[in-house]
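Engineer: Residue numbers (this note's numbering): 1470 to 1772.
Beta carbons are placed, not taken as given, at the ideal position from N, Cα and C, and that holds for glycine.
Quick caveat, the model's predicted, so the values are computed rather than measured.
Printed below as a string of structure tokens:
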């Protein structure tokens, strides 16, 4: 098990850092990151719909996975616009965030159209199928699209630095909570959902995330955009607190759905690590708060 975990982690990190490097060196419409976003979005949808199917819930798996990917791809249109050689028009009626809403509404129409095509009788459970697809879009597709929106903020290097900062501040909280909980954990956080999580571990995760936020705001973002740091004193505190607490909420939300479905693991697409959902659960919950922090200027001026 350990060698599988190490092998999967090594492959995943190599691919991720390789694509991040290519996006930094050749930032053309964020083409290098789109496959990565689709991998995590559709992979999470695969884990979720497989769990539902195994638990006997009504779900149209292929429809849900396609609609999740469709929403993420639609949100990438402003980034892909730069391939035409022109910046995304500032006076476009459909703003950058508007494409998330457009993609979501079309995805809902696709879900309903699929159910119309397959409808046979009152026992088809068409409404339940459509609702499960809609939930997958709302839970996975839309939050993942806000990672795209963060990547589209400011210059190409600034947007990339912002995405890396969000991921770093969110995932370091997992490590901080784990090690702090192992060393000092006494009081359980929500034992019915996640017996291993403790209040002490959660505090350690928040502290680790705040420390990481100071690091990325002070060094990473200025280095990547070649501009001095100019963030408010409260910025890293707010950003780290939101990323860590929302990330924990996302982890507990996954635990809730797994417990409800009577399933221990979310998937096996990453040998030794579990499912892709186990990696994306915290990012799904932290994406929108992270976007709002950047929009509010928590990391300083957007370059």
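1. For residue 1550, which of 1577, 1575, 1525 and 1500 has the nearest alpha-carbon?
2. Can you tell me which of the three DSSP states residue 1743 falls into?
3. Using DSSP with H/G/I as helix, E/B as strand and the rest coil, what is residue 1666?
4. Let's test the definition: count the other Cβ atoms within 10 Å of the Cβ of residue 1700 and tell me whether it reaches 16, buried, or not, exposed.
5. Which class does residue 1594 belong to by DSSP, given the choice of helix, strand or coil?
6. Residues in the same chain with beta-carbon distance under 7 Å from residue 1679, minus the five sequence neighbours each way, listed in chain order, please.
7. Helix, strand or coil for residue 1733, going by three-state DSSP, please let me know.
8. Does the structure place the segment 1551-1564 close enough to the segment 1493-1508 that three or more beta carbon pairs sit under 8 Å?
9. Between residue 1571 and residue 1688, what straight-line distance do the alpha-carbon atoms span, to the nearest angstrom?
10. Determine the direct distance from the alpha carbon of residue 1676 to that of residue 1744, and round the result to whole angstroms.
11. So the candidates are 1668, 1614, 1682 and 1667; which of them puts its Cα closest to the Cα of residue 1640?
12. Taking the Cβ atom as the reference point for each residue, do residue 1656 and residue 1667 lie within a distance shorter than 7 Å?
13. So the candidates are 1762, 1595 and 1616; which of them puts its Cα closest to the Cα of residue 1527?
14. Quick check: the segment 1578-1594 against the segment 1608-1615, are at least 3 beta-carbon pairs closer than 8 Å?
15. Tell whether a beta-carbon distance below 7 Å holds between residue 1746 and residue 1694.
16. Ignoring anything shorter than 4 residues, give me the alpha helix (DSSP H) runs that lie fully in the segment 1478-1539, in order along the chain.
17. Give the C-beta separation of residue 1633 and residue 1489 to the nearest angstrom, bearing in mind that I take them to be a contact with Cβ-Cβ under 8 Å.
18. Taking 7 Å as the cut-off, decide whether the C-beta atoms of residue 1719 and residue 1672 are in contact.
Structural biologist: According to the data block:
1. Comparing Cα-Cα distances from residue 1550 to each of 1577, 1575, 1525 and 1500, the minimum goes to 1500.
2. Under the three-state reduction of DSSP output, residue 1743 falls in the strand class.
3. Annotated three-state conformation of residue 1666 is coil, per DSSP.
4. By the neighbour-count rule (16 or more Cβ atoms within 10 Å), residue 1700 is buried.
5. DSSP places residue 1594 in the coil class of the three-state scheme, outside both helix and strand.
6. Once the five neighbours on either side are set aside, the close Cβ partners of residue 1679 are 1705, 1706, 1709 and 1710.
7. In this structure, residue 1733 counts as coil in the three-state DSSP scheme.
8. Two segments are said to touch when three or more pairs of C-beta atoms, one from each, lie closer than 8 Å; by this definition the segment 1493-1508 touches the segment 1551-1564.
9. Rounded to the nearest whole angstrom, the C-alpha separation of residue 1571 and residue 1688 is 37 Å.
10. One C-alpha to the other measures close to 27 Å.
11. Taking each of 1668, 1614, 1682 and 1667 in turn and checking the Cα distance to residue 1640, the smallest one comes out for 1682.
12. Cβ distance < 7 Å, so residue 1656 and residue 1667 count as in contact.
13. Measuring from the Cα of residue 1527, the nearest candidate turns out to be 1595.
14. Look at the beta carbons and you see the segment 1608-1615 not touching the segment 1578-1594: under three pairs across the two are nearer than 8 Å.
15. The answer is no: Cβ separation not under 7 Å.
16. With a minimum length of 4 residues, the continuous alpha helix (DSSP H) runs that stay inside the segment 1478-1539 are 1503-1524.
17. Correct: roughly 7 Å between the Cβ atoms.
18. The answer is no: Cβ separation not under 7 Å.
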